[in-house]
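Structure first, then comments.
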Amino acid sequence: MTMSYNLDFLTDYLVATVRLTVPLAFAALGGMYSERAGVLNIALEGMLLTGAFTSAAIAFYTGNPWLGIIATVIVGGMVGLLHSFLCVSLGVNQLVSGLAINLVAVGLTSFWARIIFAGGNTQKLPSIPPIIIPYIANISVVGKVLFQQDIFVYLLLFLIAVTTYLLYNSSLGLTLRAVGEYPQAAESTGISVVKVRYIAVIMSGCLASLGGAYLSLVQVKYFAEGMSAGKGFIAIAAIIFGRWHPVGSALASLLFGATEALQLRIQALGANIPYQFLIMLPYAIALLALVGLAGKSAPPAALGIPYSRKK
């Protein structure tokens with residue numbers, strides 16, 4: 067009986083870890099594209115929140131979550147386009163641009179949520195059904211954790227693998243890394259630094275917004291104001307902790323997701339620990355991870371530096 071209970075507890079914990087990791091990993095993967103191209107992306111928080119709102123609004127009114135996902139990718143790309151226009155074309159400070167987008171996203175999503183949804187929050191949204199892989203889905207623990215997941219999880223794994231291959235084994239990846247490290251040298255070989263940075267930041271918006279769609283359509287199945295709750299900033303920590311590598315960033319996201327799942331389980335067990343301490347645990351782990359990597363994790367050389375052809 068005890069063993070069965072322990073297995074159930076472990077399975078539930080691992081499933082919760084995956085659910086809490088997915089939005090972080092999508093945002094981290096998107097942010098990695100942007101920062102590998104040399105554009106600092108503090109706007110991940112706003113992109114997550116925008117994605118969550120867009121997917122919820124479209125799914126709520128159409129009853130079709132897939133239309134919500136499509137709309138989310140489009141809107142996320144538009145937010146990325148705005149960030150790239152401000153940073154790449156206008157040369158606005160990239161930190162200021164990202165923070166401005168975050169603030170605007172919080173304000174606009176709250177405003178429209180109160181107009182579209184009664185009280186600013188949706189009722190339960192149409193859900194994304196899990197994809198159950200026959201036979202292996204029934205394996206104890208592993209089956210439920212890995213083989214009874216929704217399309218977002220499998221898409222994330224696919225994107226991590228594809229991104230890793232493209233980044234280190236293709237001319238496209240070499241171009242992206244060259245633009246983020248030595249934009250002047252890349253321009254001298256005929257590469258359009260502006261074009262590459264625009265594409266990278268737009269992709270960043272699309273991927274981060276998918277993390278937001280997962281939040282509202284799968285993880286909680288409704289929209290609430292400010293529901294991103296700092297996940298975009300934890301994703302930035304995951305990028306740094308993962309050393310701007312797709313797999314490293316995903317594993318760092320997994321660590322933060324596991325920490326958040328742990329604090330939720332501790333609260334559920336009724337441990338005599340102030341809940342405020344438990345809530346701050348994932349953020350404390352993210353901070354400690356960054357402190358531990360101080361001076362050891364080198365970002366792309368041109369990260370945050372505006373590029374001008376006149377140089």
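Under our numbering, the first residue of the sequence shown is numbered 67, with each subsequent residue one higher.
We put the CB at the ideal spot given by N, CA and C, even for glycine.
CA-CA distance, isoleucine 108 and tyrosine 201?
The residue you call residue 108 lines up with position 42 of the sequence shown. The residue you call residue 201 lines up with position 135 of the sequence shown. When rounded, the distance between both Cα atoms is 43 angstroms.
Check whether the Cβ atoms of isoleucine 268 and glycine 143 sit closer than 7 angstroms, and answer yes or no.
Translated into the one-based positions of the sequence shown, residue 268 becomes position 202. Translated into the one-based positions of the sequence shown, residue 143 becomes position 77. Going by C-beta atoms, isoleucine 268 is nearer than 7 angstroms to glycine 143.
Taking all protein chains shown into account, do 16 or more other C-beta atoms lie within 10 angstroms of the C-beta of tyrosine 280, making it buried, or fewer, making it exposed?
In the sequence shown, counting from the first residue as 1, residue 280 sits at position 214. Buried, because 16 or more other Cβ atoms sit within 10 Å of the Cβ of tyrosine 280.
Measuring CB to CB, does glycine 278 end up less than 7 angstroms from alanine 137?
Taking the first residue of the sequence shown as 1, we reach residue 278 at position 212. Taking the first residue of the sequence shown as 1, we reach residue 137 at position 71. Taking 7 angstroms as the Cβ cut-off, glycine 278 and alanine 137 do not qualify as a contacting pair.
So, for glycine 298: in the same chain, excluding its five sequence neighbours on each side, which residues have a beta-carbon less than 6 angstroms away from its beta-carbon?
For the purposes of this step, residue 298 is identified with residue 232 of the sequence shown, where counting begins at 1. Closer than 6 angstroms at Cβ, skipping near neighbours: Ala93, Leu110, Glu111, Leu114.
Please list, in chain order, all residues of the same chain as isoleucine 11 whose beta carbon is under 7 angstroms from its beta carbon, the five residues on each side excluded.
Residue 11 lies beyond the stretch modelled for the chain, which goes from 67 to 377, so this question has no answer here.
Using the three-state DSSP reduction, which class does isoleucine 371 fall into: helix, strand or coil?
Locating residue 371 in the sequence shown gives position 305, where the first residue counts as 1. Coil.
On the three-state DSSP scale, how would you describe isoleucine 194?
Counting from 1 along the sequence shown, the entry for residue 194 is found at position 128. The answer is coil: DSSP assigns isoleucine 194 none of H, G, I, E or B.
How big is the Cα-Cα spacing for glutamine 285 and glycine 164?
For the purposes of this step, residue 285 is taken as residue 219 along the sequence shown, with counting starting at 1. For the purposes of this step, residue 164 is taken as residue 98 along the sequence shown, with counting starting at 1. Their backbone Cα atoms lie some 26 angstroms apart in a straight line.
Short of 7 angstroms in beta carbon distance, which residues of its chain neighbour serine 270, apart from the five on each side in sequence? Order them along the chain.
Indexing the sequence shown from 1 puts residue 270 at position 204. Answer for serine 270: Gly96, Gly97, Tyr99, Ser100, Asn107, Gly146, listed in chain order.
Can you grab the Cα-Cα spacing for the pair valine 139 / aspartate 74, in whole Å?
As a first step, residue 139 must be located in the sequence shown, where it is residue number 73. As a first step, residue 74 must be located in the sequence shown, where it is residue number 8. Rounded to whole angstroms, valine 139 to aspartate 74 spans 36 angstroms at the Cα level.
Could you give the distance in angstroms between the alpha-carbon of isoleucine 351 and the alpha-carbon of serine 254?
Looking up residue 351 in the sequence shown gives position 285. Looking up residue 254 in the sequence shown gives position 188. Going from the Cα of isoleucine 351 to the Cα of serine 254 covers about 42 angstroms.
Given this structure, state the Cα-to-Cα distance separating leucine 191 from leucine 233, to the nearest angstrom.
In the sequence shown, residue 191 corresponds to position 125, counting from 1. In the sequence shown, residue 233 corresponds to position 167, counting from 1. Roughly 36 angstroms between the two C-alpha positions.
Can you tell which of Pro312, Gly296, Phe151 has the C-alpha that lies nearest to the C-alpha of isoleucine 345?
Here residue 345 is taken as the residue at index 279 of the sequence shown, counted from 1. Looking at the Cα atoms, Gly296 is the closest of the given residues.
What is the C-beta distance between valine 105 and glutamine 160, in whole angstroms, given that I count them as a contact (C-beta under 8 angstroms)?
Working through the sequence shown from its first residue, we reach residue 105 at position 39. Working through the sequence shown from its first residue, we reach residue 160 at position 94. Indeed they touch by this definition, with Cβ atoms about 6 angstroms apart.
Go ahead and label alanine 301 buried or exposed: buried means 16 or more other beta carbons lie within 10 angstroms of its beta carbon, across all protein chains shown.
Within the sequence shown, numbered from 1, the residue matching residue 301 stands at position 235. Classification of alanine 301: buried, given that the 10 Å Cβ count is 16 or more.
Alpha carbon to alpha carbon, what distance is there between phenylalanine 322 and leucine 328?
Indexing the sequence shown from 1 puts residue 328 at position 262. Indexing the sequence shown from 1 puts residue 322 at position 256. Approximately 10 angstroms between the Cα atoms of the pair.
Looking at C-alpha atoms only, which residue of Ala274, Arg243, Leu320, Ile371 is the closest neighbour of valine 262?
Taking the first residue of the sequence shown as 1, we reach residue 262 at position 196. Out of Ala274, Arg243, Leu320, Ile371, Arg243 has the C-alpha closest to the C-alpha of valine 262.
Just to confirm, is the Cβ distance from alanine 91 to alanine 316 under 7 angstroms?
By one-based count along the sequence shown, residue 91 stands at place 25. By one-based count along the sequence shown, residue 316 stands at place 250. A contact, by the Cβ cut-off of 7 angstroms.
Comparing alpha-carbon positions, which option in Tyr79, Ala171, Asp216, Phe218 lies nearest methionine 293?
Position 227 of the sequence shown, counting from 1, holds the residue named residue 293. Ranking Tyr79, Ala171, Asp216, Phe218 by Cα distance to methionine 293 puts Ala171 first.
Under the three-state reduction of DSSP, which class applies to methionine 67: helix, strand or coil?
Taking the first residue of the sequence shown as position 1, residue 67 is located at position 1. Note that methionine 67 has pLDDT 49, beneath the 50 cutoff, so the model's placement of it is unreliable and no number is given.
Buried or exposed for alanine 367, going by 16 or more other Cβ atoms inside 10 Å?
Numbered from 1 along the sequence shown, position 301 holds the residue referred to as residue 367. With fewer than 16 Cβ atoms within 10 Å of its Cβ, alanine 367 is classed as exposed.
With burial defined as no fewer than 16 other Cβ atoms inside 10 Å of the residue's Cβ, what is the status of glycine 308: buried or exposed?
For the purposes of this step, residue 308 is taken as the residue at position 242 of the sequence shown. The residue is buried, with at least 16 neighbouring Cβ atoms inside 10 Å.
I'd like to know whether the C-beta atoms of serine 319 and threonine 87 end up nearer to each other than 7 angstroms.
As a working note, residue 319 is residue 253 in the sequence shown. As a working note, residue 87 is residue 21 in the sequence shown. Yes, Cβ-Cβ distance for serine 319 and threonine 87 is below 7 angstroms.
Give, in chain order, every unbroken run of the alpha helix (DSSP H) that is at least 4 residues long and sits entirely within the region 287-324.
The region 287-324 contains these whole alpha helix (DSSP H) runs: 297-307.
Phenylalanine 102: buried (16+ other C-beta within 10 angstroms of its C-beta) or exposed?
In the sequence shown, counting from the first residue as 1, residue 102 sits at position 36. The sequence shown places arginine at residue 102, rather than the phenylalanine named in the question. Buried: at least 16 other Cβ atoms inside 10 Å.
The alpha helix (DSSP H) that contains alanine 388, what's its start and end?
Because the chain is modelled from 67 through 377, residue 388 falls outside the range shown and cannot be assessed.
Does the beta-carbon distance from leucine 211 to valine 313 come in below 7 angstroms?
Taking the sequence shown and counting its residues from 1, one reaches residue 211 at position 145. Taking the sequence shown and counting its residues from 1, one reaches residue 313 at position 247. In the sequence under discussion, the amino acid at residue 211 is valine, which differs from the leucine named in the question. Contact flag unset, no.
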